[in-house]
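Numbers 3 to 262, taken from this note's numbering, label the letters of the sequence shown in order.
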Amino acid sequence: MSQTWIISGPPGCGKTSWILNTFKNHSGNCGYVRLGGYSEINLEQAINSKIDFAFLKDQIPNLLDLSSSKLPLEVEKENILIIIEFPQFFIPKFQGISGIDLRVIKELEIYNLQPNKYLHFGRDLELPIKDTLDFKAIESCSIDLKKNIWDPASLNTFWFELVNGAYGDVYRAKALMNLPDGRYILFNWILTQKGSQYQTLNQVAPLNGRPERHSEIVIQGKNLNFQLIKSTINNCLLSDAVLEHHQATLRNSQLQTSRN
């Protein structure tokens, strides 16, 4: 029989990593939905980012995206685990299913999902609490970067400046970036951890233009200079001519290697 869980918590607490490990330990099919969350006074939720699903799908190719389609009838009664990821700043007032925000219940009707388990970071002992922060105020900036490719040196400089306060007090930063050699890299930073985490994903784009896959950066913090962030990012992205030069060089190098 299927299981449907809601996993909630504040930014950067480790929701997606926990969900990935849980899916990997599940013997049956897995399905995923990410809800956008609700902004509160002085607490701005990030836009419903697709970074988490893109990362999870890369790691678990058979993962079902239940936000875009209903559960297939052939797997509806199988051993499927459905996890709903829900960003939420505050600890729910009630334990278990009774603590689910009524707005979430209403939203899940769209997907025909009824949760039978609810866990929240900072409340339930089944979840780690190391990176669970109690936010009093937070701003959010989300930038869609689909089809954009970064100059690697500029990307390294921008990310270093970003997490070290050049554009405001960043508490949380997460991104999927395209590089000219076809790599697809997850960038992850949270105030409570030492340094940034980087992970090269399994997908490699062909060296013939701009990839269609999802690319985005989400930044959360205080006193963020959104205009400076956006203008700096624009200066770090490759033009068509520069991108073709990079890719042509790489294609020629690969060709020479295959001949030797």
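Don't be surprised by glycine CBs; every beta carbon is placed ideally from N, CA and C.
Quick caveat: nothing in here was measured; it's all calculated off a predicted structure.
Asked	Found
Measure the C-alpha to C-alpha separation of ASN118 and PHE228 and round it to an integer number of angstroms.	40 Å
Just verifying my parser: in three-state terms, what is the DSSP assignment at LYS232?	helix
By alpha-carbon positions, which one of PRO89, HIS28, GLY39, GLU80 ends up nearest to ILE62?	HIS28
If you draw a straight line from the C-alpha of ASN166 to the C-alpha of SER4, how long is it?	44 Å
Can you tell which of ILE8, ALA177, ALA243 has its C-alpha closest to the C-alpha of ALA48?	ALA177
Tell me which same chain residues have a C-beta within less than 8 Å of the C-beta of GLU109, skipping the five on either side of it?	LEU37
Label ALA207 either buried or exposed according to how many other C-beta atoms from any shown protein chain fall within 10 Å of its C-beta, with 16 as the threshold for buried.	buried
List the DSSP bridge partners of PHE88.	SER10
Going residue by residue through the segment 9-76, where are the continuous alpha helix (DSSP H) segments of at least 4 residues, counting only ones entirely within it?	17-26, 53-61
DSSP three-state label for GLY101, please.	helix
Provide the residue(s) that pair with VAL106 in DSSP beta bridges, ordered along the chain.	Looking at the DSSP assignment, VAL106 forms no beta bridge with any residue, so it has no partner.
How is the beta strand (DSSP E) around PHE189 delimited, first residue to last?	186-192
Less than 6 Å between C-beta atoms, sequence neighbours within five positions excluded: which residues of the same chain meet that for TRP20?	none
So, THR24 versus GLN116, is the Cβ gap smaller than 8 Å?	no
Return the bridge partner residues of ALA177 from the DSSP annotation.	PHE189, ILE219
In the DSSP output, which residue or residues are listed as bridge partners for TYR113?	Paired residue(s): none; TYR113 is not in a bridge.
Beta-carbon separation of LEU22 and LEU58 under 8 Å?	yes
Looking at LEU164 and ALA175, is the spacing between their C-beta atoms short of 8 Å?	yes
Out of SER100, LEU83, THR18, state which residue places its alpha-carbon closest to the alpha-carbon of ALA56.	THR18
Assuming TRP161 contacts ASN180 (C-beta within less than 8 Å), just tell me the rounded distance between them.	Contact flag wrong, Cβ pair sits at about 14 Å.
Find out if the Cβ-Cβ distance for the pair ILE102, TYR120 is shorter than 8 Å.	yes
Could you check how far apart the C-beta atoms of ASN2 and LYS138 are, in whole angstroms? I think they sit under 8 Å.	Given a span of 3 to 262 for the chain in the structure shown, any question on residue 2 remains unanswerable.
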